[in-house]
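> I have a structure here, written as structure tokens, and I will follow up with some questions on it.
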Amino acid sequence: QVQLVESGGGLVQAGGSLRLSCIASGSIFSTRIMAWYRQGPGKQREWVATIRSGGTTNYVDSVKGRFTISRDNAKNTVYLQMNSLKPEDTAVYYCNTMPSTFPWGQGTQVTVTS
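Under my numbering, the first residue of the sequence shown is numbered 53, with each subsequent residue one higher.
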């Protein structure tokens with residue numbers, strides 16, 4: 053059973069930065085398209101960013117130019133570098149495959165204050 057464990061969230065002021073990490077158990081990580089998702093207060097979970105096994109990335113328009121997704125296949129880890137954070141980025145952030153096929157982890161809370 054694959055497990056996803058997110059970390060790195062926290063409380064930050066607008067304009068600040070955070071780096072999220074997600075470790076995925078299982079040897080199939082390197083072949084998967086990995087993604088970050090988020091669920092804000094009172095909102096549905098939404099896709100944020102995707103990275104293919106070869107490194108190609110895609111982002112939702114609202115984070116383009118501010119967030120960077122990356123991966124380290126040797127460590128079964130995917131990262132999300134978040135810069136110039138805005139209050140509307142406040143959410144619980146999750147990683148999973150794209151489309152999501154594994155059980156969701158607990159996520160990591162990101163809170164951005166104005």
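Just so it is clear, CB atoms sit at the ideal spot from N, CA and C, and this is done for glycine as well.
Compare the Cα-Cα distances from Q133 to each of I75, A126 and G61 and report the closest residue.
G61
> Can you tell me which residues form a DSSP beta bridge with V162?
G62 and A143
> Can you tell me the Cα-Cα spacing of D165 and A66, whole angstroms?
Reading off the sequence shown, one finds Thr at residue 165, where the question assumed Asp. Computed Cα separation, rounded: 6 Å.
> By Cβ distance below 8 Å, which residues in the same chain neighbour T149 in space, the five residues on each side in sequence not counted?
Excluding residues within five positions, the ones whose Cβ falls inside 8 Å are R84, I85, M86 and A87.
> What three-state label does DSSP hand T108 in the structure shown?
coil
> Short check: CB of T160 to CB of I75, under 8 Å?
no
> Sort S114, T108, G78 and V64 by Cα distance to R90 and report the nearest one.
Nearest of S114, T108, G78 and V64 to R90, Cα basis: S114.
> Out of V144, A126, Y146 and L137, point me to the one whose CA is closest to G78's CA.
A126
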